[in-house]
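Each remark here refers to the structure printed beneath this line.
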Amino acid sequence: MRTSARQHEHDSNRRLSIPITVRQLESIVRIAEALAKMRLEPFTTDADVEESLRLFQVSTLESAMSGSLSGVEGLTALEDQEEVRKVEKQLKQRFPIGSQVSESRIIQDFTKQRFTERSVRTVLNIMIRRGELQHRMQRKVVLRVK
5 MRTSARQHEH
15 DSNRRLSIPI
25 TVRQLESIVR
35 IAEALAKMRL
45 EPFTTDADVE
55 ESLRLFQVST
65 LESAMSGSLS
75 GVEGLTALED
85 QEEVRKVEKQ
95 LKQRFPIGSQ
105 VSESRIIQDF
115 TKQRFTERSV
125 RTVLNIMIRR
135 GELQHRMQRK
145 VVLRVK
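Each residue of the sequence shown is one higher than the last, beginning at 5 in our numbering.
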């Protein structure tokens, strides 16, 4: 896998980082195990592992090489990252600490400004995970904490 990625980096003259998580590695193992189970075998073979790696390459590495990993396990394209930064900056400016706002209103306001709903939801989720926002009233209202 790394060899083909390295070759693509060399050919295209640009650095290609291929993020792989423990979760993805575990998925490769699970796919290999599933292939063995489909044949009613108790153990995986080298062919099972190679097929699971091939499936991984087709689904993930080719996407990374084409730059279309947007949305996969939290990865976003550079344009999306820039939009997310703009939404977060504007959200922090518009809503001071301690303010409560309807989540649907936030989404509505930002989509009127031509931001994608996906970017707005991404920012809200990121800020909630960081502890900067909290959901209130059955997840209808967002409270800015930090």
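The beta-carbon is built from N, C-alpha and C at its ideal position, and this holds for glycine as well.
- Note that the C-beta distance between Ser123 and Val88 is below 9 Å.
- In this structure Ala36 is buried. Its beta-carbon is surrounded by 16 or more other beta-carbon atoms within 10 angstroms.
- Shown here, Leu44 sits in coil according to DSSP, grouped into three states, outside any helix or strand.
- The three-state secondary structure of Gln142, taken from DSSP, is coil.
- Excluding residues up to 5 positions away in sequence, Arg148 lie with their Cβ nearer than 7 Å to the Cβ of Ser103 in the same chain.
- One alpha carbon belongs to Arg98, the other to Asp84, and they sit about 21 Å apart.
- The shortest CA-to-CA distance from Glu54 to any of Met42, Ser106 and Val33 is the one to Val33.
- For Gln104, the beta-bridge partners assigned by DSSP are Leu147.
- One thing to note: Ser56 has its Cβ within 9 Å of the Cβ of Leu39.
- Ranked by Cα distance from Ile24, the first of Glu45, Asp15 and Gln61 is Gln61.
- According to the DSSP assignment, Glu87 belongs to the alpha helix (DSSP H) that extends over Leu82 to Arg98.
- Between Val127 and the set Val91, Arg43, Gln112 and Ile101, the nearest pair of CA atoms involves Val91.
- Ranking Arg43, Gln94, Ser108 and Leu82 by CA distance to the CA of Met141 puts Ser108 first.
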